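Just so we're aligned, residue 1 is where the sequence shown starts under the UniProt record's numbering, counting upward by one. Ideal placement from N, C-alpha and C gives every residue a C-beta, glycine not left out. Since this is a predicted model, take the numbers as computed values, not measurements. Right, one structure below, let's go through it.
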Amino acid sequence: MPKLTPFHVAVPVHDLEAARKFYREVLGCGEGRSDTHWTDFDLYGHQFVIHYKPKPAEDVALHSNPVDGHDVPVPHYGVVLEWDDWHTLEARLKSHNIKFIIEPYIRFKGQPGEQATMFFLDPSGNALEFKSFQDISQLFAV
């Protein structure tokens, strides 16, 4: 695999303070620069930004696609973590009573690309997936 460089992603949030608290206290992200409408975070070494966007007048239903017997929310984002870091995050989320969309489990068990995965929402309804591979060479396995 080539040397990885940090990604940059920005997501909309309708309550900047609730989102700041979630990413800082629940996910443990370091907070960087901010302004009245956005905040940068260090999300496992990646530049992650929350931007204020008013909440839609109507709730928009989460879209999902079937994967391995589960309804995977689309869109979603997250990080591929080291195995032990994934388990540490799982415990941290459970200690904060985070409701999972898809409970932590091993996906594609015994198949190429076997991975630990979990899905949950931030306070603005953005779907997150964090995953891990015991064998990172399986990241793009077919």
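Tell me which same chain residues have a C-beta within less than 8 Å of the C-beta of residue i, skipping the five on either side of it?
i: Pro6; result: Gly45, His46, Gln47
i: Gln138; result: Pro112, Gly113, Glu114, Gln115
i: Ser64; result: Asp71, Val72, Pro73, Val74
Given a threshold of 16 other Cβ atoms within 10 Å of its Cβ, counted over all protein chains shown, does residue i qualify as buried or as exposed?
i: Glu103; result: exposed
i: Ser95; result: exposed
i: Asp59; result: exposed
i: Asp122; result: buried
i: Pro73; result: buried
i: Leu4; result: exposed
i: Glu31; result: exposed
i: Thr117; result: buried
What does DSSP give as the partner residues of residue i in its beta bridges?
i: Gln115; result: Arg107
i: Asp15; result: Note: Asp15 sits in no beta bridge, so no partner.
i: Phe120; result: Phe100, Leu128
i: Thr39; result: Ser34, Ile50
Which value, in whole angstroms, describes the spacing of the CA atoms of residue i and residue j?
i: Phe41; j: Pro75; result: 20 Å
i: Val80; j: Lys131; result: 5 Å
i: Thr39; j: Tyr52; result: 9 Å
Establish whether the CB of residue i and some CB of chain C are separated by less than 8 Å.
i: Ala10; result: As a matter of chain content, chain C is missing from the structure shown, which is built from one protein chain.
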